[in-house]
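Residue numbers (the numbering used here): 449 to 681.
The structure appears below as structure tokens.
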Amino acid sequence: MDGVTVVTAVLNEGENIGNFMRSLDSVGDVQELVIVDDGSTDSTLETINSFKGHYSLKLIRRDRKMGTVSAQIAGARQASSEFVVVMDADMQHDPSIIKILDEEIRKGYDIVIASRMVDGGASNRPPVRGIISRGANFLAHLFIPQTRGVRDIMSGYFIARREIVADLRDLKDSYKILLYIFASRRGLRYTEIPYKFQPRSGGESKVVSGLDFLLRYLAELMHYVRVEFNVEG
Numbered sequence: 449m450d451g452v453t454v455v456t457a458v459l460n461e462g463e464n465i466g467n468f469m470r471s472l473d474s475v476g477d478v479q480e481l482v483i484v485d486d487g488s489t490d491s492t493l494e495t496i497n498s499f500k501g502h503y504s505l506k507l508i509r510r511d512r513k514m515g516t517v518s519a520q521i522a523g524a525r526q527a528s529s530e531f532v533v534v535m536d537a538d539m540q541h542d543p544s545i546i547k548i549l550d551e552e553i554r555k556g557y558d559i560v561i562a563s564r565m566v567d568g569g570a571s572n573r574p575p576v577r578g579i580i581s582r583g584a585n586f587l588a589h590l591f592i593p594q595t596r597g598v599r600d601i602m603s604g605y606f607i608a609r610r611e612i613v614a615d616l617r618d619l620k621d622s623y624k625i626l627l628y629i630f631a632s633r634r635g636l637r638y639t640e641i642p643y644k645f646q647p648r649s650g651g652e653s654k655v656v657s658g659l660d661f662l663l664r665y666l667a668e669l670m671h672y673v674r675v676e677f678n679v680e681g
């Protein structure tokens, strides 16, 4: 398979999933889509099952929410391509840059990150969300040395060699897989390309905000710190 596999985790994305799958249909580099559903109760599954596109489609159904990281690892393990694009299905990640991600990783990188923080990148979101994201980046850089060269370690949009994601141990109730990857591995060859993060086109955000987000993020970050200190080589 010469193209890439897109891996996305979904939960009640009935308002977005159809538009997302159609948007990928215009990206020639996409040869496969793996969707991991964490127990949707709306029209998500019906829309997925009725879609026909140029790429092959795999659907992994799970009967309960186990977290984005767990879903993304499960999806990568089912990918047929050498390279996997990890992205959200809520239309906040622009599918048109998949071609650029694909071109860049074939230069010899392990990961290419779609970044809001490099020149040309932007985030179309309320200023407070930007402050939270930058604060989370700062904490990651503080506690996990391998992340310090990454401008947007909180990005949920990237391409990687399949094994970089698929070989991770499953991890329930976690949401920042890029942090997990960098905490688990040393010597990754990576680069960042700019993209503009967009508002959701429909549905409700699953992101927890305020104090709840901070507490959850710190707990997840501390887990990755323990992973980092247990990695050899």
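Glycine included, every Cβ here is placed at the ideal spot set by N, Cα and C.
Counting C-beta atoms within 10 angstroms of its own C-beta, residue 459 has 16 or more neighbours from the protein chains shown and is therefore classed as buried. A straight-line Cα-Cα distance of about 20 Å links residue 546 and residue 516. Taking 8 Å as the cut-off, the Cβ atoms of residue 496 and residue 456 do not count as close. Straight through space, the alpha carbons of residue 480 and residue 504 are spaced by roughly 5 Å. No Cβ-Cβ contact shorter than 8 Å links residue 638 with residue 548.
One thing to note: residue 628 has its Cβ no nearer than 8 Å to the Cβ of residue 636. Rounded to whole angstroms, the Cβ separation of residue 607 and residue 673 is 26 Å, and the two are not in contact under 8 Å. Taking residue 544 as the centre and dropping the five residues before and after it, the same chain places no C-beta closer than 6 Å to its C-beta. Here residue 595 carries a helix assignment [DSSP, helix/strand/coil]. With contacts defined by Cβ atoms closer than 8 Å, residue 452 and residue 550 form a contacting pair.
Pairing residue 592 with residue 631 gives a Cβ-Cβ distance under 8 Å. The C-beta separation of residue 665 from residue 542 comes to about 25 Å, leaving the pair out of contact by the 8 Å criterion.
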